[in-house]
Amino acid sequence: MSETILATHNLMKSFGALRATDDVSIDLRAGEIHALIGPNGAGKSTLIAQISGGLRPDAGRVMLMGRDVTQDGTATRARAGLGRTFQISALAMEDSVLENVLLGALGAEGRPWRFWSRATGDEDLRARAMVALERVGLAGDHDKRTSELSHGQRRQLEVAVALTLRPRAFLMDEPMAGLGAGGSKRLTGFLDGLRDEAPILLVEHDMDAVFALADRISVLASGRVIASGTVAEIRADRAVRTAYLGEEA
Amino acid sequence: MIPERLVTLAVLAGLAGVALWALAVDQPFTITLATRAAILALAAVGLNIALGIGGLVSLGHAVFFGLGGYAMGILAYHAQTYTTLDLGPFSIAGSKSMPLIWLVAVVASALAALLIGLLSLRTSGVYFIMITLAFGQMFYYFAISWSTYGGEDGLSVYVRNGFPGLNTLDPIQFFGLCFVLLCGALLVFARLRDAPFGLALNAARQVPARVETVGLSPLRLKLVAFVISGAITGLAGALFADLNRFVSPTMFSWQLSGELIVLIVIGGVGRLMGPVIGACLFVLLEHWLGALTAFWHIWLGVILLGIVLFARGGIVGMLTGKAGPHV
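Sequences listed follow chains B and G, in order.
Okay, so the first sequence: first residue is 19 according to my numbering, each after it adds one.
Okay, so the second sequence: first residue is 182 according to my numbering, each after it adds one.
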């Protein structure tokens, strides 16, 4: 079996009486795309927040590259190799496309404490940023103000920023959200190739994309993992069909 | 629309030109006004780093302005009374040397900014505004009750402090000194804004969550910005005290903190020349309208209202027409 890059062990998180995360153990292995699906309110966002570092679990552990990162903040986990994209694009809208990607390159190098040299004039940073933009097909738009980008381009830029980090694992929160059929298909093709670089924990509503991409799928409902397995297994699972896919079994 | 570079050159040339013209026609008071504008601009350039790039609405920047002022006042007071300043085991002589006073002002302000920043940057939004305001009020009332250095009455310095090779009592020479420091601060602002630090800080203002997910700490970025910002405003405070040859608790007042914000908003938040244009306009209105009515702030309010409603980029935004920060 290939190496486990990212894992949660028995994560628990409650908000008052609501168990948002209930004993969740999932793992992400090298070379795979592991999709996390579930109806609205299943606790996907809460789980993502605990994995990325924005929220501390009440109990359980988060392991990254075999290291316990449960008590680490978001920035520390990012430096340890976790590359995250957001469901709603979190980009500096006033800045240029290039500057957004430069920020990623800057974070990856861990050298923001330079006060006198031009960020856009640093050849290393710039090269790293342009490579990421080329890969998602935004190199031609690098001078544009980010707020001028279309929704689909912003999704691509989200991925580009994560790419500059050269992470060991990707955590992608609905990268297809709001994309048209064409855009969704293009991004699916791109993510398909990305898994060899670093595995992807993919939270996604677009079932076509999930079934096309995922090596494994875990289904979350009411904070619990109710099923986990290959695409074929999940398609066949009665509990999943009733609970989530909305089909009469 | 006018290129931003041209606006920068025109404003700086205009400010220096007014002072030189006043020298030619022998109007020393006009030179003093230009000096006042340059110093207020310097203070606001400092605030613009925290406010404009970092998005930190500090209603306590008068703390640094006042600390700079009192650094000058205290050192000069001990020099002119031939007494020493006793700090526990240390006994320090006063000083009338501007470079030394500036150094003390900058270091004191930077340290204060570090402490205030550490405590206040854990909050954001209206809480950050309130906590910085609270620090400002603490310093204000401390200065009022500190009778050693004049308390409420403030502290007069009889002769302006000296700078090697210059006669600082000559208005145009003192203006030149302030103007050069202003240009230096503008250079720092411009370089810092375009540097990796500025890029990260600017992003931390817009999307702190993103900055964290690339492995950087928004808190640290903002703290460093706050310290640099406070240090520059502190330097302005020392100059302001030297301009008036007088220090008083009003340098710590929250109205001053508010005025610094107002003049940045009028000039253009996060814009290089925003604070300079705002400061010049402020001093002009204060002088012209202030001669007509004690309620001249009303007209400042009207201008502010117009800018906020119709020109979010401030006057610089109107002139350059380019989308910039905070728009």
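Quick reminder that beta carbons are idealized off the backbone N, C-alpha and C, glycines included.
Computed from a prediction, not measured in an experiment: that's the story for all the values here.
(request) Just the C-alpha distance for Arg-426/G and Leu-490/G, rounded to the nearest angstrom, thanks. (result) Roughly 39 Å separates the two Cα atoms.
(request) Determine, using beta-carbon pairs with one atom in the segment 248-260 of chain G and one in the segment 386-401 of chain G, whether at least three such pairs fall under 8 Å. (result) They do not touch, by the three-pair rule.
(message) Runs of 3 residues minimum, wholly inside the segment 201-266 of chain B: which ones carry the beta strand (DSSP E) assignment?
(response) Within the segment 201-266 of chain B, the beta strand (DSSP E) runs of at least 3 residues that lie entirely inside it are, in chain order, 218-221, 234-239 and 242-247.
(message) Does Ala-250/B pass the burial test, meaning 16 or more other C-beta atoms within 10 Å, or should it be called exposed?
(response) By the 10 Å Cβ count, Ala-250/B comes out exposed.
(message) Check for me: the beta strand (DSSP E) holding Thr-349/G runs from which residue to which?
(response) Run containing Thr-349/G: none; DSSP gives neither H nor E here.
(message) Rounding to the nearest angstrom, what Cα-Cα distance links Leu-190/G and Gly-502/G in this structure?
(response) Spanning the two alpha carbons is a distance of roughly 17 Å.
(message) Could you tell me the alpha carbon to alpha carbon distance between Ala-187/B and Phe-356/G, rounded to whole angstroms?
(response) Each residue's alpha carbon lies about 58 Å from the other.
(message) I want to verify the contact list: residues of chain G whose CB lies under 7 Å from the CB of Gly-122/B, in sequence order.
(response) For Gly-122/B, the chain G residues whose C-beta falls within less than 7 Å of its own C-beta are Val-395, listed in chain order.
(request) Compare the Cα-Cα distances from Asp-45/B to each of Met-194/B, Gly-196/B and Leu-29/B and report the closest residue. (result) If we check each option's Cα against that of Asp-45/B, Leu-29/B comes out closest.
(request) Would you tell me roughly how many angstroms separate the C-alpha atoms of Phe-344/G and Ala-147/B, rounded to the nearest one? (result) Phe-344/G and Ala-147/B: Cα-Cα distance of roughly 48 Å.
(request) Answer yes or no: does any C-beta atom of chain B fall closer than 9 Å to that of Phe-491/G? (result) Cβ-Cβ to chain B under 9 Å: no for Phe-491/G.
(request) With 9 Å as the threshold, decide whether the Cβ of Leu-29/B is near any Cβ in chain G. (result) It does not; no Cβ of chain G falls within 9 Å.
(request) Assign Tyr-258/G to one of two classes, buried (16 or more other C-beta atoms within 10 Å of its C-beta) or exposed (fewer than that). (result) Buried is the call here.
(request) Mark Met-182/G as exposed unless 16 or more other C-beta atoms lie within 10 angstroms of its C-beta, in which case mark it buried. (result) That one is exposed.
(request) Could you tell me which residues DSSP puts in a beta bridge with Leu-336/G? (result) Leu-336/G is bridged by DSSP to Val-428/G.
(request) Quick one: list the residues of chain G neighbouring Met-111/B, beta-carbon separation under 9 Å, in chain order. (result) Correct list: Gln-387 and Val-388.
(message) I believe Gly-254/G touches Tyr-330/G by the beta-carbon criterion, under 8 Å. Please report the beta-carbon distance rounded to the nearest angstrom.
(response) Contact between Gly-254/G and Tyr-330/G holds, since their C-beta atoms are separated by about 6 Å, short of 8 Å.
(request) For the alpha helix (DSSP H) containing Ser-63/B, list its first residue and its last residue. (result) Element bounds for Ser-63/B: 62-70.
(request) Please look up how many angstroms separate the CB atoms of Ala-203/G and Ala-215/G, rounded, as I've assumed it's under 8 Å. (result) The distance from the Cβ of Ala-203/G to that of Ala-215/G is about 7 Å, consistent with a contact at the 8 Å cut-off.
(message) Quick check: the segment 168-179 of chain B against the segment 200-210 of chain B, are at least 3 beta-carbon pairs closer than 8 Å?
(response) In this structure the segment 200-210 of chain B touches the segment 168-179 of chain B; the number of beta carbon pairs closer than 8 Å is three or more.
(request) Inspect the beta-carbon positions of Met-432/G and Leu-358/G and report whether they are closer than 9 Å. (result) Their beta carbons are not under 9 Å apart, which means Met-432/G does not touch Leu-358/G by this criterion.
(request) Quick one: using the 10 Å Cβ neighbour count with 16 as the cut-off for buried, is Phe-476/G buried or exposed? (result) Residue environment: Phe-476/G is assigned as exposed (fewer than 16 neighbouring CB atoms within 10 Å of its CB, all protein chains considered).
(request) Evaluate the contact criterion for the segment 74-91 of chain B versus the segment 129-149 of chain B: three or more CB pairs, one atom per stretch, below 8 Å. (result) No: the two stretches stay apart, fewer than three of their Cβ pairs being nearer than 8 Å.
(message) For a cutoff of 9 Å on Cβ pairs, would you count Phe-133/B as touching chain G?
(response) Yes, its Cβ sits closer than 9 Å to a Cβ of chain G.
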